[in-house]
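Chains as they are written, first to last, in my numbering: chain E, 2 to 288; chain F, 351 to 731; chain Z, 3 to 295.
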Amino acid sequence: MEVDYGVSASKVINWFVAGITCLVTVLGLMPYALIVTSTVERGVKAIATVGILKFLTALPPSPGTKGLGGVGPSLLGTLALTALSTLMGVPLAFALAMLVTEFPHNIVSRSLRALVKGLLELPTILAGMVVYSLVVIPMGTPSIFAGALALTVVMLPYVTTYFETYLGSVPKIYREAGYAIGLSKAGVALRVVVPIAKKGLIVGVLVGVSRALGETAPLLFTLGAARYYYPTSITGPGDSVSLLIYNFAMMPYPNLRAVAWGAALVLLASYLIVSLAVQLCVRGVEA
Amino acid sequence: MRDALRIVVAVITALIIVGIAAAVASVFGSGIGGGGNSRTLKPATTSSPTYVKMGGATFPAPQYLAWIKSFMREHPSIRVSYELLGSGAGVSRFFDGTLDVAGSDPPLPHDVWVKHEGKVMQVPTLVGAVVVTYNIPGLNHVTLNLSGKVLALIYKGVIKYWDDPRIQELNPAVKLPHHEIFVVFRADASGTQLIFTTFLHKAAPSTWPSTLVGKAPAFPVAGSGRAAGGKGNPGVANLVMSNPYSIGFVEWSYALENNMSIAAIENAAGNFVKPSTESLISAARSAAKHLPRTPLGDFSKDEEYIIYPGGKDAYPLVAWTHLVIRVNYESQAKARAVAALLKWIAEKGELNIIPGYAPVPENVRQLMVEAANNILHAAGS
Amino acid sequence: MTLLAPSALVIAFYVLLVRLLAGYSIPVFRRYGASFVLSSVWNPGSASYGILPALMGTAVTSVLAAAIALPVSLSMVVFLNEYCPSIVARVVASVTTVMGGLPSIVYGLWGALVLPELLRSYVMVPLHKYLGFLPPFSCAPVSGWTFFTAGVLLAIMITPYMFSLVHEAYASVPRKYREALLAISARPYVIAREFIKMLWPAVIGALLLGLGRAAGETIAVSLVVGNVNAVPYCLFLPGQTISSLIANNFPEASSYPLMLNALYAAASVLLVVGMVLNIAGLALMSRWRSITG
Numbered sequence: 002m003e004v005d006y007g008v009s010a011s012k013v014i015n016w017f018v019a020g021i022t023c024l025v026t027v028l029g030l031m032p033y034a035l036i037v038t039s040t041v042e043r044g045v046k047a048i049a050t051v052g053i054l055k056f057l058t059a060l061p062p063s064p065g066t067k068g069l070g071g072v073g074p075s076l077l078g079t080l081a082l083t084a085l086s087t088l089m090g091v092p093l094a095f096a097l098a099m100l101v102t103e104f105p106h107n108i109v110s111r112s113l114r115a116l117v118k119g120l121l122e123l124p125t126i127l128a129g130m131v132v133y134s135l136v137v138i139p140m141g142t143p144s145i146f147a148g149a150l151a152l153t154v155v156m157l158p159y160v161t162t163y164f165e166t167y168l169g170s171v172p173k174i175y176r177e178a179g180y181a182i183g184l185s186k187a188g189v190a191l192r193v194v195v196p197i198a199k200k201g202l203i204v205g206v207l208v209g210v211s212r213a214l215g216e217t218a219p220l221l222f223t224l225g226a227a228r229y230y231y232p233t234s235i236t237g238p239g240d241s242v243s244l245l246i247y248n249f250a251m252m253p254y255p256n257l258r259a260v261a262w263g264a265a266l267v268l269l270a271s272y273l274i275v276s277l278a279v280q281l282c283v284r285g286v287e288a
Numbered sequence: 351m352r353d354a355l356r357i358v359v360a361v362i363t364a365l366i367i368v369g370i371a372a373a374v375a376s377v378f379g380s381g382i383g384g385g386g387n388s389r390t391l392k393p394a395t396t397s398s399p400t401y402v403k404m405g406g407a408t409f410p411a412p413q414y415l416a417w418i419k420s421f422m423r424e425h426p427s428i429r430v431s432y433e434l435l436g437s438g439a440g441v442s443r444f445f446d447g448t449l450d451v452a453g454s455d456p457p458l459p460h461d462v463w464v465k466h467e468g469k470v471m472q473v474p475t476l477v478g479a480v481v482v483t484y485n486i487p488g489l490n491h492v493t494l495n496l497s498g499k500v501l502a503l504i505y506k507g508v509i510k511y512w513d514d515p516r517i518q519e520l521n522p523a524v525k526l527p528h529h530e531i532f533v534v535f536r537a538d539a540s541g542t543q544l545i546f547t548t549f550l551h552k553a554a555p556s557t558w559p560s561t562l563v564g565k566a567p568a569f570p571v572a573g574s575g576r577a578a579g580g581k582g583n584p585g586v587a588n589l590v591m592s593n594p595y596s597i598g599f600v601e602w603s604y605a606l607e608n609n610m611s612i613a614a615i616e617n618a619a620g621n622f623v624k625p626s627t628e629s630l631i632s633a634a635r636s637a638a639k640h641l642p643r644t645p646l647g648d649f650s651k652d653e654e655y656i657i658y659p660g661g662k663d664a665y666p667l668v669a670w671t672h673l674v675i676r677v678n679y680e681s682q683a684k685a686r687a688v689a690a691l692l693k694w695i696a697e698k699g700e701l702n703i704i705p706g707y708a709p710v711p712e713n714v715r716q717l718m719v720e721a722a723n724n725i726l727h728a729a730g731s
Numbered sequence: 003m004t005l006l007a008p009s010a011l012v013i014a015f016y017v018l019l020v021r022l023l024a025g026y027s028i029p030v031f032r033r034y035g036a037s038f039v040l041s042s043v044w045n046p047g048s049a050s051y052g053i054l055p056a057l058m059g060t061a062v063t064s065v066l067a068a069a070i071a072l073p074v075s076l077s078m079v080v081f082l083n084e085y086c087p088s089i090v091a092r093v094v095a096s097v098t099t100v101m102g103g104l105p106s107i108v109y110g111l112w113g114a115l116v117l118p119e120l121l122r123s124y125v126m127v128p129l130h131k132y133l134g135f136l137p138p139f140s141c142a143p144v145s146g147w148t149f150f151t152a153g154v155l156l157a158i159m160i161t162p163y164m165f166s167l168v169h170e171a172y173a174s175v176p177r178k179y180r181e182a183l184l185a186i187s188a189r190p191y192v193i194a195r196e197f198i199k200m201l202w203p204a205v206i207g208a209l210l211l212g213l214g215r216a217a218g219e220t221i222a223v224s225l226v227v228g229n230v231n232a233v234p235y236c237l238f239l240p241g242q243t244i245s246s247l248i249a250n251n252f253p254e255a256s257s258y259p260l261m262l263n264a265l266y267a268a269a270s271v272l273l274v275v276g277m278v279l280n281i282a283g284l285a286l287m288s289r290w291r292s293i294t295g
């Protein structure tokens, strides 16, 4: 029998690993806490001067004046862009992910996978440039539609990767169980794998939505920066909160910079509320 | 209990999403949209509005946005937007057909103008200034005198210390510190940089050759380790404000709104002048005589005459900024809208000037009126 | 089959993308050849375009970002799954995943205004003082706008992505493996080590995702990297990446001969390098995938 001296090498190593990973985790979370507090601090200061309702519906102020106005048209634009690009991107990403996970050894799906992953490296500004040449020039005008298209290009690799990973990490035994009860390949995919990966799929959609909310570069040449009036059509120029932040943050006038921080808070808050609500509601399946 | 909470949260989230979707759909679906009024969504008063798409230079953008907001209040059926793209991108999108009016700090180059002669017009709308700013602990409330030659030597890396005799002799009353100068320039290709380097060349041609003039020249001081490029005016402003003993150049509005120190620059008449509405207009007046007589003319040389102009009170680092306009617009409504905008700027623009800009002299404003008339004439009104 | 339609869309997009890029880039490659990628001179006035500093900048910042993000995200996965009480773990995991989707403009704003000075005073200056003999730390940090800052900001942006992917894969390892390891009295760190060995494809996938994101990020990087065409022989220098090069020069590119083409060519180079990396990574992953369940 082994004599127990109370402390074994593996126990020490274990405590060491526990300590290090805990420390790294805490340190790793600090930047996010910092970002949130900075944004909340400056954003609240800005929004408080006009009140939240006005900030969400009014037009931006004139540069150099004392008032703060609001981000109404840009907020509407962001909502429209997000809805449109999610509608276009999620089904596409889902189809691609299914293709790759159901037919992993097919040369078509392997090259498609490489292509979609390659889109990750595309400088986001270039996604906008491509859509500019293909859509904006023939239409003769920047538009919400073109902006949404550019956002779809940017979000596609992320959403596809997430979908792929979650669909792929469903253990084989579940698929085998599905085949065992006589489901077809499509049946197994849709009725067994998808429900199990549900949480991951929703997270994937969320990733797509968040990319649409926060991206700026794809919108530079496709959207139109029309922020002093409410847009009435997706085929005409529009604005987004992220573009407003980008433009106003670079302005010398303090009132515009304050609007930028307020807008950043609005963006942050809406994103956090939606994602936390989703995280609460969706539960995965234990293996 | 937990599941009940989940369900409640899910229902509330779904309601919020449905509510937002309904709001969005109602705005787009039935064409009810914001009128020109500031706060609420009002039905459009006439048939669908005319969109005027402007974009380009970032330098005049704040002033244009202020003008656009006031203009739209008086013309609720015209909707104007201005995209911050940069002069080059603005002009190229104008010729792509995706912008109706381009804002460009520099005028169209001669060969471009020739290619489109008769179909394109230009009007100077504002006078802007580039200022030299610095951050010297203890001296930021003091106005330093600087000359083009000294600036050229600093940006060449030849003058390395603040107490260099060449700077000291321009500022006999100031005790300059013995410290290395941290030099800040624009990292991106920029019209502001073009103005600054053109000025250096005109004020000190033997020190600053024309090969170093441009929107993104290769500053000799760049590799010295005590220089940095800022992205955009705020980049430069930030770098200067956060690095003691630094020097940089920014648009006047940035220095004003951030309470940065502004240097007095030696002009062609030998006086050290700080930027002000008067000193800008003085520079503009002496340069205005070299402008073409009609908006259809060739403006490609106009910056040469306004940078480092004559005039004893003129601030030397000034430039025109232009709007590039078509003669023929695709529809009568568009033509009338653009013409109305130009006339409004000509008549009411100078009542709405925001800090950092100066209006163009009276005779130059006439160019805008003439351009508006040309547009209306071409559209057959 | 319905699955082929979306594939056709992706392929069609790529065809158009390649046509656009090739159309602009070929004149540049024809004129400059390999010197486009190997030269350090970027002088639009004399039409000399060399992207070596920018290319190296993209490599350095992306690798730095991944080098920071990978250990951090793996540590988080291990800690939250093996050592942390499950309620806290679930909250932290959710929060981290959520942070990954933070609008990048918010990262950009914070990165541009708050991060540089923080990093300079608390990290770069001490590193230079004590580890200055190492080449990457050998130059004195003058301002906070450097390769290092860009790498750190990118790391902050990509860590949640990597964490999410690995965490989800980790959590879905079948129970039987854990039970088997517990049966031989394995400590938590042993379990973690074995699981991560099994999850290697997910880790590589996460790494590729992170690298790709870091290389393509435009706005946030261009606001903190310093925007000077310097070769990154030292991390504390202001520098340039391909995406910041494009972002900085695009607005005025049309006023210089061939500059627009050069920018498109730079983007093409980035895409090709990325593609090669991805294909290599994917090949690696598929070899492992056939081994795991």
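Where a beta carbon is used, it is the ideal one built from N, C-alpha and C, also for glycine.
Inset, instruction - Anything in chain F within Cβ reach of Z:Val230, meaning under 8 Å, just list it in chain order. - result: By one-based count along the third sequence, residue 230 of chain Z stands at place 228. The answer, in chain order, is Ala537, Ala572, Ala577, Ala578, Gly579.
Legend entry - Assumed close pair F:Val302, F:Asp446 - CB separation to whole angstroms, cut-off 8 Å: For chain F, the structure presents residues 351 to 731; residue 302 of chain F sits outside this window and is missing.
Inset, instruction - Kindly indicate the opening and closing residues of the beta strand (DSSP E) around F:Asn485. - result: The residue you call residue 485 of chain F lines up with position 135 of the second sequence. Segment 470–485, the beta strand (DSSP E) holding F:Asn485.
Legend entry - Three-state secondary structure (DSSP) of Z:Thr99: Here residue 99 of chain Z corresponds to residue number 97 of the third sequence, with the count starting at 1. The answer is helix: DSSP assigns Z:Thr99 an H, G or I state.
Inset, instruction - In angstroms with no decimal places, state the Cα-to-Cα distance between F:Val600 and F:Val482. - result: Walking along the second sequence from the start, residue 600 of chain F turns up at place 250. Walking along the second sequence from the start, residue 482 of chain F turns up at place 132. About 7 Å.
Inset, instruction - Mind the definition here: the stretch 10–18 of chain Z touches the stretch 113–122 of chain E only if three or more C-beta pairs lie below 8 Å; say whether that holds. - result: yes
Legend entry - Residues of its chain near F:Leu503, where Cβ-Cβ distance is below 7 Å and the 5 sequence neighbours each way are ignored: If you number the second sequence from 1, residue 503 of chain F lands on position 153. Ile509, Arg516, Thr557, listed in sequence order.
Inset, instruction - Determine the direct distance from the alpha carbon of F:Lys419 to that of F:Ala394, and round the result to whole angstroms. - result: As a position in the second sequence, residue 394 of chain F is number 44, starting the count at 1. As a position in the second sequence, residue 419 of chain F is number 69, starting the count at 1. Note on F:Ala394: pLDDT 42, under 50, position unreliable in the model; no value is reported.
Legend entry - Assigned secondary structure, F:His675 (DSSP; H/G/I helix, E/B strand, else coil): Along the second sequence, one-based indexing puts residue 675 of chain F at 325. Per the sequence shown, the amino acid found at residue 675 of chain F is Ile instead of His. In this structure, F:Ile675 counts as strand in the three-state DSSP scheme.
Inset, instruction - Just the C-alpha distance for E:Ala261 and Z:Ser187, rounded to the nearest angstrom, thanks. - result: By one-based count along the first sequence, residue 261 of chain E stands at place 260. By one-based count along the third sequence, residue 187 of chain Z stands at place 185. Going by the C-alpha atoms only, they are around 56 Å apart.
Inset, instruction - Using a threshold of 9 Å, state whether the C-beta atoms of E:Ala247 and F:Ser431 are closer than that. - result: Sequence index remark: in the first sequence, residue 247 of chain E carries index 246 (1-based). Sequence index remark: in the second sequence, residue 431 of chain F carries index 81 (1-based). A small correction: the amino acid at residue 247 of chain E is Tyr; Ala does not occupy that position in the sequence shown. It is not a contact, given that the beta carbons lie outside the stated cut-off.
Inset, instruction - Run down chain Z in chain order and give the residues with a C-beta less than 9 Å from the C-beta of E:Glu216. - result: For the purposes of this step, residue 216 of chain E is taken as residue 215 along the first sequence, with counting starting at 1. Those within 9 Å of E:Glu216 in chain Z are Pro105, Ser106, Ile107, Ile221.
Inset, instruction - Determine whether the Cβ of Z:Phe252 lies closer than 9 Å to any Cβ atom of chain F. - result: Here residue 252 of chain Z refers to the residue found at position 250 of the third sequence. Yes, contact with chain F.
Inset, instruction - Assign E:Thr206 to one of two classes, buried (16 or more other C-beta atoms within 10 Å of its C-beta) or exposed (fewer than that). - result: Numbered from its first residue, the first sequence carries residue 206 of chain E at position 205. The sequence given here has Val at residue 206 of chain E, not Thr. Buried, by the Cβ-count rule.
Inset, instruction - Could you spell out the range, first to last residue, of the beta strand (DSSP E) harbouring E:Ala62? - result: As a first step, residue 62 of chain E must be located in the first sequence, where it is residue number 61. This sequence places Pro at residue 62 of chain E; Ala is not what is there. Premise fails: E:Pro62 is in no beta strand (DSSP E) and is neither H nor E.
Inset, instruction - Quick one: residues in its chain with C-beta nearer than 8 Å to the C-beta of E:Leu57, no 5 flanking neighbours on either side, listed in chain order? - result: Residue mapping note: residue 57 of chain E aligns to position 56 of the first sequence, counting from 1. Excluding positions up to five away in sequence, the list reads Gly71, Val72, Gly73, Leu76, Val267.
Legend entry - Residue from F:Arg686, F:Asn724, F:Pro645 whose Cα sits closest to the Cα of F:His425: The residue given as residue 425 of chain F occupies position 75 in the second sequence. Comparing Cα positions, the closest option is F:Arg686.
Inset, instruction - Below 7 Å CB to CB, which residues in the same chain sit around Z:Ala255 once its five sequence neighbours on both sides are set aside? - result: Position 253 of the third sequence, counted from the first residue, corresponds to residue 255 of chain Z. Met261, Leu262, Leu265, listed in sequence order.
Inset, instruction - Please work out which residues of its chain come closer than 7 Å, Cβ to Cβ, to E:Glu287, disregarding the five sequence neighbours upstream and downstream, and give them in chain order. - result: In the first sequence, the residue the question calls residue 287 of chain E occupies position 286. With a pLDDT of 36 at E:Glu287, under the threshold of 50, the modelled position of that residue is not reliable, and the figure given next carries that caveat. The answer is none, since no qualifying residue turns up.
Inset, instruction - Could you tell me the boundaries of the beta strand (DSSP E) in which F:Val534 lies? - result: In the second sequence, residue 534 of chain F corresponds to position 184, counting from 1. Here the beta strand (DSSP E) through F:Val534 covers 532–536.
Inset, instruction - Sort Z:Val230, Z:Phe139, Z:Gly110 by Cα distance to Z:Arg122 and report the nearest one. - result: Within the third sequence, residue 122 of chain Z is the residue found at index 120, counting from 1. Measuring from the Cα of Z:Arg122, the nearest candidate turns out to be Z:Phe139.
Inset, instruction - Indicate whether the contact test is met: 3 or more Cβ pairs, each with one atom in the stretch 200–219 of chain Z and one in the stretch 84–104 of chain Z, closer than 8 Å. - result: Of all C-beta pairs linking the stretch 200–219 of chain Z to the stretch 84–104 of chain Z, fewer than three are shorter than 8 Å, placing the two stretches out of contact.
Legend entry - Cross-chain neighbours of Z:Glu84 in chain F, by beta carbon under 9 Å: Within the third sequence, residue 84 of chain Z is the residue found at index 82, counting from 1. Chain F residues near Z:Glu84: none, gap ~25 Å exceeds 9 Å.
Inset, instruction - With a threshold of 16 other CB atoms inside 10 Å of the CB of Z:Phe150, please say whether the residue is buried or exposed. - result: Locating residue 150 of chain Z in the third sequence gives position 148, counting from the first residue. With 16 or more Cβ atoms within 10 Å of its Cβ, Z:Phe150 is classed as buried.
Legend entry - Pick from F:Pro474, F:Pro410, F:Phe622 that is closest to F:Leu717, judged by C-alpha positions: Numbered from 1 along the second sequence, position 367 holds the residue referred to as residue 717 of chain F. The candidate whose alpha carbon is nearest that of F:Leu717 is F:Pro474.
Legend entry - Assigned secondary structure, F:Met404 (DSSP; H/G/I helix, E/B strand, else coil): Position 54 of the second sequence, counted from the start, is the residue given in the question as residue 404 of chain F. Reduced to three states, the DSSP call for F:Met404 is strand.
Legend entry - Residue of E:Val132, E:Ser144, E:Leu277, E:Pro158 minimising C-alpha distance to E:Gly90: Working through the first sequence from its first residue, we reach residue 90 of chain E at position 89. Looking from the CA of E:Gly90, the closest CA among E:Val132, E:Ser144, E:Leu277, E:Pro158 belongs to E:Pro158.
Inset, instruction - Please name the residues in the stretch 9–32 of chain Z whose beta-carbon is closer than 9 Å to at least one beta-carbon of chain E, in chain order. - result: Listed by position along the chain: Ser9, Leu11, Val12, Ile13, Phe15, Tyr16, Leu18, Leu19, Leu22, Leu23.
Inset, instruction - Below 8 Å CB to CB, which residues in the same chain sit around E:Leu1 once its five sequence neighbours on both sides are set aside? - result: Beyond the ends of chain E as shown, which are 2 and 288, falls residue 1 of chain E; an answer cannot be given.
Legend entry - F:Ser454 in three-state terms, based on DSSP: The residue you call residue 454 of chain F lines up with position 104 of the second sequence. In this structure, F:Ser454 counts as strand in the three-state DSSP scheme.
Legend entry - Segment contact flag, the stretch 228–239 of chain Z with the stretch 35–55 of chain Z, C-beta cutoff 8 Å, min 3 pairs: yes
Inset, instruction - Might you give, ordered along the chain, the residues of its own chain that have their beta carbon closer than 7 Å to the beta carbon of E:Met156, omitting 5 neighbours on each side? - result: The residue given as residue 156 of chain E occupies position 155 in the first sequence. Excluding sequence neighbours, E:Met156 sits near Ser86, Gly90, Gly209, Arg212, Ala213.
Legend entry - Residues of its chain near Z:Ala267, where Cβ-Cβ distance is below 6 Å and the 5 sequence neighbours each way are ignored: In the third sequence, the residue the question calls residue 267 of chain Z occupies position 265. Cβ within range, chain order: Ser27, Val30.
Legend entry - Cβ contact check for the stretch 157–171 of chain Z and the stretch 91–110 of chain Z: 3 or more pairs under 8 Å: yes
Inset, instruction - Compare the Cα-Cα distances from Z:Leu40 to each of Z:Ser48, Z:Gly52, Z:Arg32, Z:Arg33 and report the closest residue. - result: Position 38 of the third sequence, counting from 1, holds the residue named residue 40 of chain Z. Looking at the Cα atoms, Z:Gly52 is the closest of the given residues.
Legend entry - Beta carbon proximity, F:Ser398 to chain E, threshold 9 Å: Residue numbering aside, residue 398 of chain F sits at position 48 when the second sequence is read from its first letter. By this cut-off, F:Ser398 is an interface position.
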